[in-house]
Amino acid sequence: MAKIILTTDVSNLGGPGDIVEVKDGYARNYLLPRGYAIVASKGAEKNVRTIKRAQESRRIRDLDHAKEIKATLEGLGAIQLSGKAAEGSKKLFGSITTAEIVDAIKAAGGPLLDKRVIELKDHIKTVGKHSVGARLHPDVRVDVRLEVKAK
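Take the sequence shown: its position 57, counting from 1, is numbered 57 in the working numbering, and each next residue is one higher.
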């Protein structure tokens, strides 16, 4: 059995910062290569507090907190994003990621969110106005308006 520290949520195993024991092959062949976990050592166990603190700052605590964040997001208006595009073209080189959306929300004065709350129906590959959903809580969902401009 291998003792590891999870860095992300892993279904049926635990969440970030949890110290768990799993079979050697599962850790070596699946969890460690994908970055879902790190090998537990004395130094790594000290980092568990840092991992849990970072996760806590992004976590939405309860229904009231989710409603508060929803009101904040609705008050921000359209979030400004920029992506590389050919001159005179509306098509982007690549697409806008959920991490870029979360960073843009934070830069616009919004709350720090986990990128997993953002729900992209389709990839955003064009310049213009778009709308994405954010599931803040099982009972609270908000639409976030984006305005993508060419760099």
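Ideal Cβ placement from N, Cα and C applies to all residues, glycine included.
ask   = Taking the alpha-carbon positions, what's the Leu169 to Arg116 distance?
value = Outside the shown range of the chain (1 to 151) lies residue 169, about which nothing can therefore be said.
* Is the CB-CB distance between Leu31 and Ala37 below 8 Å? -> Working through the sequence shown from its first residue, we reach residue 31 at position 31. Working through the sequence shown from its first residue, we reach residue 37 at position 37. In contact: Leu31 and Ala37 (Cβ atoms closer than 8 Å).
For this session: Kindly list the residues whose CB is nearer than 6 Å to the CB of Val102, restricted to its own chain and excluding five residues on each side of it in sequence; keep chain order.
Result: Looking up residue 102 in the sequence shown gives position 102. The answer, listed in chain order, is Leu113 and Lys115.
Could you tell me if Ala27 is buried or exposed, where buried requires 16 or more neighbouring beta carbons within 10 angstroms of its beta carbon? As a first step, residue 27 is located in the sequence shown; it is residue number 27 there, counting from the start. Answer is buried; the Cβ neighbour count reaches 16.
Self-check item: Those residues which DSSP pairs with Asp143 across a bridge
Solution: Position 143 of the sequence shown, counted from the start, is the residue given in the question as residue 143. Partner(s): Gly133.
For this session: Could you say if the stretch 138-151 and the stretch 64-73 meet the contact criterion of at least three C-beta pairs nearer than 8 Å?
Result: yes
| said: From the DSSP secondary-structure annotation, give me the bridge partner or partners of Ala40. | reply: Position 40 of the sequence shown, counting from 1, holds the residue named residue 40. For Ala40, which the question treats as bridged, DSSP gives no partner whatsoever.
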